[in-house]
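Chemist: One structure follows; several queries about it will come next.
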Amino acid sequence: MKNGSWITQTGSSTYLSEATAIWLRDLRGEFRTRYAVNAILMFAVTTLVAVSFSIGSFRIGEAEQPFLYAVLLWIILVFSALSGLSRSFVKEEEAGTMDVLKLSARPQAVFLGKLWFNLTLLGALELIVVPSFILLMNYEIKHPGLFTAMVITGGFGLGAGTTIVAAMIAQASARGALFSVLSFPLLLPLMITAIKGCEKAAVGMNGTGWPEVRIAVAYSTVMIIMSLFLFPLIWDE
Amino acid sequence: MFKDISFEVHPGEVLAVAGWNGSGKSTLLRIIAGLVRPSRGQVDMFVEDRPIPRESRRRFVGMVAPALALYDELTALENMEFFCRVRGVSYNRKSCLSMMQWVGLAENAGKQCRNYSSGMKQRLKLVQALLHKPQLLLLDEPGCNLDAKGMKIVEEVISAQRQLGMTVIASNEKRELDYADRVINLSE
Chain A
0 MKNGSWITQT GSSTYLSEAT AIWLRDLRGE FRTRYAVNAI LMFAVTTLVA
50 VSFSIGSFRI GEAEQPFLYA VLLWIILVFS ALSGLSRSFV KEEEAGTMDV
100 LKLSARPQAV FLGKLWFNLT LLGALELIVV PSFILLMNYE IKHPGLFTAM
150 VITGGFGLGA GTTIVAAMIA QASARGALFS VLSFPLLLPL MITAIKGCEK
200 AAVGMNGTGW PEVRIAVAYS TVMIIMSLFL FPLIWDE
Chain B
0 MFKDISFEVH PGEVLAVAGW NGSGKSTLLR IIAGLVRPSR GQVDMFVEDR
50 PIPRESRRRF VGMVAPALAL YDELTALENM EFFCRVRGVS YNRKSCLSMM
100 QWVGLAENAG KQCRNYSSGM KQRLKLVQAL LHKPQLLLLD EPGCNLDAKG
150 MKIVEEVISA QRQLGMTVIA SNEKRELDYA DRVINLSE
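Right under this line is the structure:
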């Protein structure tokens, strides 16, 4: 057999098809190894249980509840995400597959594939943590629409921020510490906005145009667009 | 590391790069592939007299190297499927299986690569590098971990690549250097 004779057709790939292939490969790999899922869920569940037992609803005054519960919820979400999302690029570096990926896909497609994977993990995390938090803490939300929109857009921004930082630290030696140190200032504005938005949703301050949701959408958009420009430079060396 | 190197490779040609350990054979191949930027100098690639920019070079390059790993948690067939899809090659399970048959891996196509021996992984890397019919095939120590049957496959690959494009081999093994039309020694 001559090499190449087995492939019936070679075509051209698009950013979308490359990113989808990377996303599906990461999902398949994660389904088998469960490195990131285990790290994220274990952190989320233990923190959630610790918070609900130590400062359950009976210990916080009704007036402080909307703000403090929003703070606790976002602390759990952000730090759970930080415990696992750095894996998206680090695993490629550790497994020695970084170069083969560089030879196979365009940098922007790699970034998008990894971003979708991280967003999938965050979506699963939020689906488990947010309803559990509401039930365990007896969290009363007067404006569920705003609350849901804030959790979704906040999660989107969290995914966008952590994905680019994960790419930056993948080839560094002290990855774990560096990931938290670099992520924190980048995620702080988003975290403050998300806390404010969830607090407003809890007290029923609808406001006009959901400014916190719009800020989170703008943050995510800017972060993704800037990352698409920045990522090829990080990926190249 | 090496300096003042200049050479051309033409379609149908097989070039070998030899040299002591640490002389920069693998680095030279990585520079040609576009994985590393040279501190000085440049690599120009032309396909049908058209210059190919560094960022597009991956479409025309297939590479096998000890440091280039495949996905251990996927099966061999899933690895093939991934590389087909990400490179825009239409995936066909039957033709992929016949490819695996050719390199002697068909019976283990459904096994996760973590359970493969190093020789089996090397055979799979060869298949991965050829999926998109590259014009330039870069082989860094292609016989690494291969038995006599595996070496025969490498020989067939190099021979067939003469029809498709060019090959650059980095090695110190006499048998592998014998495949080449020319040898550049980085230690000289």
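Protein sequences, first through last, are from chains A and B.
Under numbering that gives the first Met the number 0, the first residue of the first sequence is numbered 0, with each subsequent residue one higher.
Under numbering that gives the first Met the number 0, the first residue of the second sequence is numbered 0, with each subsequent residue one higher.
Even for Gly, the Cβ is constructed at its ideal location relative to N, Cα and C.
#1: Considering only heavy atoms of the ligand MN, does any lie closer than 7 Å to the CB of N114 of chain B?
#2: Are the CB atoms of A94 of chain A and E139 of chain A nearer to each other than 8 Å?
#3: Taking its Cβ as the centre, do 16 or more other Cβ atoms sit within 10 Å of K90 of chain A, making it buried, or is it exposed?
#4: Tell me whether the beta-carbon of V99 of chain A lies closer than 8 Å to the beta-carbon of M190 of chain A.
#5: Report, in whole angstroms, the separation of the C-beta atoms of Y70 of chain B and R174 of chain A, which I expect to be a contact under 8 Å.
#6: Among B:A179, B:V153 and B:H131, which residue has its Cα nearest to the Cα of S12 of chain A?
#7: Where does R188 of chain B fall in DSSP's three states?
#8: From what residue to what residue does the beta strand (DSSP E) around P50 of chain B run?
#9: Pull out every residue of the stretch 77 to 97 of chain A whose Cβ sits closer than 7 Å to any Cβ of chain B, in chain order.
#10: Could you tell me which whole alpha helix (DSSP H) segments of length 4 or greater appear in the stretch 37 to 86 of chain B?
#11: If you draw a straight line from the C-alpha of R36 of chain B to the C-alpha of E211 of chain A, how long is it?
#12: I think M222 of chain A touches A159 of chain A, with their Cβ atoms under 8 Å apart; what is that distance to the nearest whole Å?
#13: Per DSSP, what kind of secondary structure is T166 of chain B in: helix, strand or coil?
#14: Starting from V16 of chain B and walking both ways along the alpha helix (DSSP H), at which residues does that stretch end?
#15: By the 10 Å Cβ neighbour count, where 16 or more other Cβ atoms means buried, how is L126 of chain A classified, buried or exposed?
#16: Taking Cβ positions only, does R24 of chain A come closer than 8 Å to chain B?
#17: For W115 of chain A, collect the residues of the same chain with a Cβ closer than 6 Å to its Cβ; drop the 5 residues on either side in sequence, then sort them by chain order.
#18: Within the same chain, show all residues whose beta-carbon is closer than 6 Å to that of L135 of chain A, passing over the 5 residues directly before and after it, in chain order.
#19: Under 6 Å Cβ to Cβ from W73 of chain A, same chain only, skipping five residues before and after it: list those, please.
#20: Report, in whole angstroms, the separation of the C-beta atoms of E72 of chain B and R113 of chain B, which I expect to be a contact under 8 Å.
#21: Going along chain A in order, which residues have a C-beta closer than 9 Å to the C-beta of D139 of chain B?
#22: Within 10 angstroms of its Cβ, does G11 of chain B collect 16 or more other Cβ (buried), or is it exposed?
#23: Among residues of its own chain, excluding the 5 on either side of G83 of chain A, which ones have a beta-carbon nearer than 6 Å to its beta-carbon?
#24: Are the CB atoms of G196 of chain A and L145 of chain A within a distance shorter than 8 Å?
#25: Cβ of R215 of chain B less than 8 Å from any chain A Cβ?
#26: To the nearest angstrom, report how far apart A68 of chain B and K124 of chain B are at their CA atoms.
#27: For I168 of chain A, which residues of its own chain have a beta-carbon under 6 Å away from its beta-carbon, when the five flanking residues on both sides are left out?
#28: What is the DSSP secondary structure of L26 of chain A, counted as helix, strand or coil?
#29: Are the CB atoms of A17 of chain B and V167 of chain B within a distance shorter than 8 Å?
#30: In chain A, what lies closer than 9 Å to M62 of chain B by C-beta?
#31: Which value, in whole angstroms, describes the spacing of the CA atoms of Q64 of chain A and F88 of chain A?
#32: Would you list the residues sitting across from L138 of chain B in a DSSP beta bridge?
#33: Just verifying my parser: in three-state terms, what is the DSSP assignment at Q170 of chain A?
#34: Tell me whether the stretch 135 to 153 of chain B and the stretch 81 to 93 of chain B touch, counting them as touching only if at least three CB pairs, one residue from each stretch, are closer than 8 Å.
Modeler: If we stick to the structure as given:
#1: Here there are no bound small molecules, and the ligand MN is not part of this structure.
#2: no
#3: buried
#4: no
#5: Going by Cβ atoms, the distance from Y70 of chain B to R174 of chain A rounds to 20 Å, so no, they are not a contact pair.
#6: B:H131
#7: The structure shown has nothing for residue 188 of chain B, since chain B only spans 0 to 187.
#8: R49 to I51
#9: A94, G95 and T96
#10: 75 to 85
#11: 44 Å
#12: 4 Å
#13: strand
#14: Element bounds for V16 of chain B: not the alpha helix (DSSP H) but the beta strand (DSSP E), V13 to A17.
#15: exposed
#16: yes
#17: W22
#18: S51
#19: M190, A193 and I194
#20: 7 Å
#21: Near D139 of chain B there are no residues of chain A at all, since even the closest Cβ is about 11 Å away, more than 9 Å.
#22: exposed
#23: A35, A38 and I39
#24: yes
#25: Not covered by the structure: residue 215 of chain B. The range shown for chain B is 0 to 187.
#26: 8 Å
#27: R174, L177 and F178
#28: helix
#29: no
#30: D98, V99 and L102
#31: 38 Å
#32: B:V63 and B:I168
#33: coil
#34: no
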